[in-house]
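Protein chains: 2
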Amino acid sequence: MTSEPVPESPATSEGGERKGQRTRRRILDAARGVFANLGYERATIRGIAAAAGVDKSSVIQYFGTKQNLFREAVHWTIPVADAIGDTPEQTAENLARGMLAAWAADPNSPMAVLLRASMTSEDAAEILRNHITSSATPTLATAIDAPDARLRAALLGAMLMGVASQRYLLQMPDVADVDIDKLVRLITPALQALISPAE
Amino acid sequence: MTSEPVPESPATSEGGERKGQRTRRRILDAARGVFANLGYERATIRGIAAAAGVDKSSVIQYFGTKQNLFREAVHWTIPVADAIGDTPEQTAENLARGMLAAWAADPNSPMAVLLRASMTSEDAAEILRNHITSSATPTLATAIDAPDARLRAALLGAMLMGVASQRYLLQMPDVADVDIDKLVRLITPALQALISPAE
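From first to last, the protein sequence lines stand for chains A and B. Residue numbers for the first sequence follow our numbering, so the first one is 1 and each next one is one higher. Residue numbers for the second sequence follow our numbering, so the first one is 1001 and each next one is one higher.
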């Protein structure tokens, strides 16, 4: 798959620009739903256009290729820097609550769609790896005062992703049946032990 | 998809039975590879037969339907009871080491194939949920002396699955780059905090 440049919004006037932004958002929302349900490989531009109620040519005009559309649909910023608190316990709690709340707010959040697609698509997995490795892990590592800070940060992310994906993607009983406050209460000491070891 | 009965092994003599067992194993190994690469939905009996070097009719003779073949290919027993140690720390360490070692030994282990397939197939997710919920979680819960023992057991499983899938399925840097001993050393106190809370 070649990577074509994404064309500028085709709108020319200010009103047209707003309409263009709305269409763009509509396509991105539809794309997340289709990628979530079918995975990266099975999703098609045609199917996404149909889900968004626009022509296939519009999708190509706005996003070029399926790969580009996917990259934009799953783009998200992990607010790790905002989660760093005054104590390791506070940081652990903020991260747990932030991740679970983000998934709860939108089952087709960019993070959820990307994780699901990563299980069957190497392209998607590469985007996820880059994002975690270059942004979330190093930011969190700066807040960890222990040997292997970077590895501890990465493991915290892995553990949280395990809990979130069992709750929201796999809808595992037990993990899916309790409220977020209770989950956060049980998880926080575990994450704290990871980023602030006793010895 | 209707669930047809799996026919008995077509072998009649003792030597034929051994040959039948070998063919069966060969088909199951090939099936795990194909399900791992393509996911449940895109895998076909024809493709699995080709990967195993047998006729499509043999696969149908031994396993009936794709659904039955999948169920047998991903069947695994979590040795949770064996992992329960004298202390919560020992139990946590045994579970971490056992899970990581199982994935390391076989990237297409039944557990890994089932988890990957579960992300895009509701049939696969249902098998995984049943297995965890009816076997692994209650067994581990019996070893936890704290309120919410069952939920704590389920969360330990979710966290370990997060670490194993980031290491082996997603090959996330940091988590994939260290040896199992180091991972176990960092993870154990976190799991211990979950199953043996301080307060």
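Think of the CB as a built atom: it goes at the ideal place given N, C-alpha and C, for glycine as much as any other residue.
- For Ile-180(A), the enclosing alpha helix (DSSP H) starts and ends at 180-195.
- At least one CB of chain B lies nearer than 8 Å to the CB of Arg-152(A).
- Per DSSP, reduced to three states, the secondary structure at Ile-1084(B) is coil, with no helix or strand assignment.
- Residues are counted here when their Cβ sits less than 8 Å from a Cβ of chain A; for the stretch 1170-1191 of chain B these are Leu-1170, Gln-1171, Met-1172, Pro-1173, Asp-1174, Val-1175, Val-1178, Lys-1182, Leu-1183, Leu-1186, Ile-1187, Pro-1189, Ala-1190, Leu-1191, given in chain order.
- Boundaries for Arg-1167(B): no alpha helix (DSSP H) harbours it, and the DSSP string shows neither H nor E there.
- Going by beta carbons, Leu-1191(B) and Leu-1169(B) fall outside the 8 Å limit.
- His-1075(B) counts as exposed, since fewer than 16 other C-beta atoms from the protein chains shown sit within 10 angstroms of its C-beta.
- The alpha-carbon of Arg-97(A) is positioned some 14 Å away from that of Ala-81(A).
- Within chain B, no residue has its beta carbon less than 8 Å from that of Pro-110(A); the closest one is some 16 Å off.
- A distance below 6 Å between beta-carbons, with the five flanking residues on each side excluded, links Arg-1024(B) to the following residues of its chain, in chain order: Tyr-1062.
- For the set Ala-1049(B), Pro-1189(B), Arg-1071(B), the Cα lying nearest the Cα of Ile-1027(B) is the one of Ala-1049(B).
- Legend: CB atoms of the stretch 76-94 of chain A lying less than 8 Å from CB atoms of chain B are not found in any residue.
- Against chain A, the CB of Arg-1129(B) has a partner CB under 8 Å away; the residue lies at that interface.
- Cβ-Cβ distances below 7 Å link Met-1099(B) to Leu-1160, Ala-1164 in the same chain, with the five nearest sequence neighbours on each side left out; the list follows chain order.
- In this structure, Arg-1185(B) keeps its C-beta atom at 8 Å or more from the C-beta atom of Val-1175(B).
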